[in-house]
Amino acid sequence: MSIMVPSKTPALITPGRQALDSALHQLDQAAGHLGLDDGLRTMLATPRRSLTVSVPVRREDGRLDVVQGYRVQHNVSRGPAKGGLRFHPATDIHEVTALAMWMTWKCALVGIPYGGAKGGVAIDPAVLTTRELERLTRRYVNEILPLIGPEKDIPAPDVGTDEQTMAWIMDTYSVNAGYSVPGVVTGKPTTLGGSLGRSGATSRGVQIAALAALGRSPEGVTVAVQGFGKVGAPAAQYLSDAGCKVVAVSDVSGAVHAAGGLDIAKLRAYAAETGGVRGFHQADALGHDELFELDVDVLVPAALEGVITEANAPRIRARLIVEGANGPTTPEADEILVGNGTTVVPDILANAGGVIVSYLEWVQNMQAYTWSSGDVELKLRELMLGAFSEVTSLAADRGLTLREAAHVIGVGRVAEVHQMRGLYP
Ligand code: NAD
Numbered sequence: 005m006s007i008m009v010p011s012k013t014p015a016l017i018t019p020g021r022q023a024l025d026s027a028l029h030q031l032d033q034a035a036g037h038l039g040l041d042d043g044l045r046t047m048l049a050t051p052r053r054s055l056t057v058s059v060p061v062r063r064e065d066g067r068l069d070v071v072q073g074y075r076v077q078h079n080v081s082r083g084p085a086k087g088g089l090r091f092h093p094a095t096d097i098h099e100v101t102a103l104a105m106w107m108t109w110k111c112a113l114v115g116i117p118y119g120g121a122k123g124g125v126a127i128d129p130a131v132l133t134t135r136e137l138e139r140l141t142r143r144y145v146n147e148i149l150p151l152i153g154p155e156k157d158i159p160a161p162d163v164g165t166d167e168q169t170m171a172w173i174m175d176t177y178s179v180n181a182g183y184s185v186p187g188v189v190t191g192k193p194t195t196l197g198g199s200l201g202r203s204g205a206t207s208r209g210v211q212i213a214a215l216a217a218l219g220r221s222p223e224g225v226t227v228a229v230q231g232f233g234k235v236g237a238p239a240a241q242y243l244s245d246a247g248c249k250v251v252a253v254s255d256v257s258g259a260v261h262a263a264g265g266l267d268i269a270k271l272r273a274y275a276a277e278t279g280g281v282r283g284f285h286q287a288d289a290l291g292h293d294e295l296f297e298l299d300v301d302v303l304v305p306a307a308l309e310g311v312i313t314e315a316n317a318p319r320i321r322a323r324l325i326v327e328g329a330n331g332p333t334t335p336e337a338d339e340i341l342v343g344n345g346t347t348v349v350p351d352i353l354a355n356a357g358g359v360i361v362s363y364l365e366w367v368q369n370m371q372a373y374t375w376s377s378g379d380v381e382l383k384l385r386e387l388m389l390g391a392f393s394e395v396t397s398l399a400a401d402r403g404l405t406l407r408e409a410a411h412v413i414g415v416g417r418v419a420e421v422h423q424m425r426g427l428y429p
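FYI, the numbering for the sequence shown is 5 to 429, going by the numbering used here.
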């Protein structure tokens, strides 16, 4: 099946395929604005390397399960491939390819010297014990070992993975190398060379982007956040700390709402203890879909892709959407939102804080040096606001949406490097 053209056969349209269709649509639009020729468009639409692996995992009861794993390097023309690793039952090669492509444009947009990659394993980590998860992670890493390395491809946490996963990857890679290689992953524990400020970096970037896009005092601005994980929970916290009133959040367990504003610190403690936000006593229960339709100023999708669609976009009342998640809005929904005058700060800009601080972590690892959290935050802010200002200026100059402008800049920078480097042989 070609990945070059959007899929039209309903039976083939998985959520992953829809994400890839969205990514290809956005690339096509940007290539049109940039006037790229067909050959270059095709190169940019095609991943440089895709590896599918089978990962056997021995369960605690002795059973052997085999799950599919992926690592896709979409583009390495601007530097080593960079991108997260996702553990989710629905992940597939199409989703991982879309996520890798978005990483390429994101790194180019914020001006860090990386290409784009992504990894995935089609498993629900919640059904595995910690020991099973460790065995699975180490075996997956062993299977993709030829692809990764500090100069080649550097994984990081994404949905379903965390600092512990990164520690296992770093150890597996290092044992194979015969010496410690902290720069092979980012988002690892600080004791292993992780950067100060990395764990909250994506969310800090979401806060920076949201406040910049608001352009007014955040005091009393109402916010709803979908997803209460590594991105959503700290983003809710930071927005609340800035003076916003976070009135609703959801996670896979359910959604909660408090018109007067949620106590995010208490909600985080509750979710950590019970495994989810559902049942939080200081709030009312809400339907998952209702969260999108609340009368709030800002909506932050921070869970998975494809959640804002042509079905719910007409009912979204938030005037500002800040995409903490990758690919939460389908192209059809985008058109509806534009028609309704909603501003969307796109994923490749809004959630770039994570890869920015991953880059800073990698630089520290390569120099065997440590920066203070103040140094890291300063650089994060500078790169986020620099990219934000470039995107908003281009959008204003050329009459583009922020998503179109962000893609024109990101895709344009990668295209320029291809043209300058030429084709070998
Ligand atoms: P995570 O696994 O830590 O959290 C995901 C959250 O989404 C969980 O709270 C989960 O319960 C919730 N969720 C899942 N399905 C849901 C549903 N149907 N309705 C409501 N909530 C649901 O993952 P994360 O790292 O926070 O990643 C979230 C998004 O942000 C992903 O799109 C990811 O690619 C993107 N992202 C993450 C990072 C990072 O540094 N972790 C960086 C950039 C982008």
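For glycine and all other residues, C-beta sits at the position ideal for the given N, C-alpha and C. Since we're looking at a predicted model, the values are computed, not measured.
Within 10 Å of its beta-carbon, does residue i have 16 or more other beta-carbons around it, so buried, or fewer, so exposed?
| i | result |
| --- | --- |
| Asp293 | exposed |
| Val189 | buried |
| Thr95 | buried |
| Leu382 | exposed |
| Pro51 | buried |
| Ala289 | exposed |
| Arg319 | exposed |
| Arg143 | buried |
| Thr362 | According to the sequence as given, residue 362 is Ser; it is not Thr. Classification for Ser362: buried. |
| Arg21 | buried |
| Met370 | exposed |
| Leu427 | exposed |
| Thr165 | buried |
| Gly283 | exposed |
| Asn180 | exposed |
| Tyr373 | exposed |
| Leu68 | exposed |
Go to residue i, then tell me how far its alpha helix (DSSP H) extends in each direction, as first and last residue.
| i | result |
| --- | --- |
| Thr206 | 205-218 |
| Asp379 | 377-402 |
| Ile325 | From DSSP, Ile325 is part of no alpha helix (DSSP H) but of the beta strand (DSSP E) over 324-326. |
| Val59 | Run containing Val59: none in the alpha helix (DSSP H); it sits in the beta strand (DSSP E), 53-62. |
| Leu89 | Careful: Leu89 lies outside any alpha helix (DSSP H), inside the beta strand (DSSP E) at 85-91. |
| Ile173 | 167-181 |
| His29 | 19-38 |
| Ala276 | 268-278 |
| Gln77 | Not the alpha helix (DSSP H): Gln77 falls in the beta strand (DSSP E), residues 68-79. |
| Pro335 | 335-343 |
| Val361 | 357-371 |
| Ala49 | 42-49 |
| Thr108 | 97-113 |
| Ile116 | Unbroken run through Ile116: none, as it is neither H nor E. |
| Thr134 | 134-148 |
Spatial neighbours of residue i within its chain, please: CB distance less than 6 Å, with the 5 preceding and 5 following residues excluded, ordered by chain position.
| i | result |
| --- | --- |
| Ile7 | Summary for Ile7: the model assigns pLDDT 42, below 50, so the residue's position carries little reliability, and this model does not support an answer. |
| Met5 | Residue placement at Met5 cannot be trusted, given a pLDDT of 35 that sits under 50; what the coordinates show is reported in the next sentence. Result list for Met5: empty, nothing under 6 Å. |
| Val76 | Pro51, Ser54, Val100, Thr101, Ala104, Lys122 |
| Gly358 | Ala205, Thr206 |
| Lys156 | Pro84 |
| Glu336 | Glu314 |
| Ser221 | none |
Could you pull the start and end residues of the beta strand (DSSP E) that residue i belongs to?
| i | result |
| --- | --- |
| His261 | 258-261 |
| Leu427 | No beta strand (DSSP E) holds Leu427; DSSP gives it neither H nor E. |
| Pro238 | Run containing Pro238: none in the beta strand (DSSP E); it sits in the alpha helix (DSSP H), 236-245. |
| Gly124 | 119-125 |
| Thr347 | 347-349 |
| Val163 | Run containing Val163: none; DSSP gives neither H nor E here. |
| Ala289 | 288-290 |
With a CB to CB cut of under 7 Å and the five nearest residues on each side skipped, what residues in its chain are close to residue i?
| i | result |
| --- | --- |
| Ala419 | Leu38, Leu40, Leu44, Leu48 |
| Ile268 | Ala240, Gln241, Ser244, Val250 |
| Pro117 | Arg82, Gly83 |
| Pro193 | Glu167, Ala171 |
| Val326 | Val210, Ala213, Ala214, Ala217, Val302, Val304, Val349, Ala354 |
Going along the chain, which residues of its own chain have a beta-carbon closer than 8 Å to the beta-carbon of residue i, five neighbours each way excluded?
| i | result |
| --- | --- |
| Gln423 | Leu44 |
| Gly258 | Gly280, Val281, Arg282, Gly283, Ala289, Leu290, His292 |
| Val70 | Ser58, Val59, Pro60, Val61 |
Residue i: beta carbon under 8 Å from a heavy atom of the ligand MN?
| i | result |
| --- | --- |
| Arg90 | Absent from the structure shown: the ligand MN. Ligands present: the ligand NAD. |
Would you say residue i faces chain D, with C-beta separation under 9 Å as the test?
| i | result |
| --- | --- |
| Leu132 | The structure shown contains no chain D; it holds only a single protein chain. |
Quiz item: If we count Cβ pairs, one from each stretch, closer than 8 Å, do we get three or more for the region 322-331 versus the region 302-314?
Solution: yes
Quiz item: Are there three or more Cβ pairs, one per stretch, closer than 8 Å when the region 254-270 is compared with the region 224-237?
Solution: yes
Self-check item: Cβ contact check for the region 109-121 and the region 387-394: 3 or more pairs under 8 Å
Solution: yes
Quiz item: Counting Cβ pairs, one atom from each stretch, are 3 or more of them under 8 Å apart for the region 338-356 and the region 404-416?
Solution: yes
Quiz item: Counting pairs of Cβ atoms below 8 Å between the region 156-175 and the region 82-97, do you hit three or more?
Solution: yes
Exercise. Evaluate the contact criterion for the region 125-141 versus the region 185-202: three or more CB pairs, one atom per stretch, below 8 Å.
Key: no
Quiz item: Between the region 312-326 and the region 270-277, are three or more C-beta pairs nearer than 8 Å?
Solution: no
Quiz prompt | At least three beta-carbon pairs within less than 8 Å, the region 358-367 to the region 121-130 | solution = no
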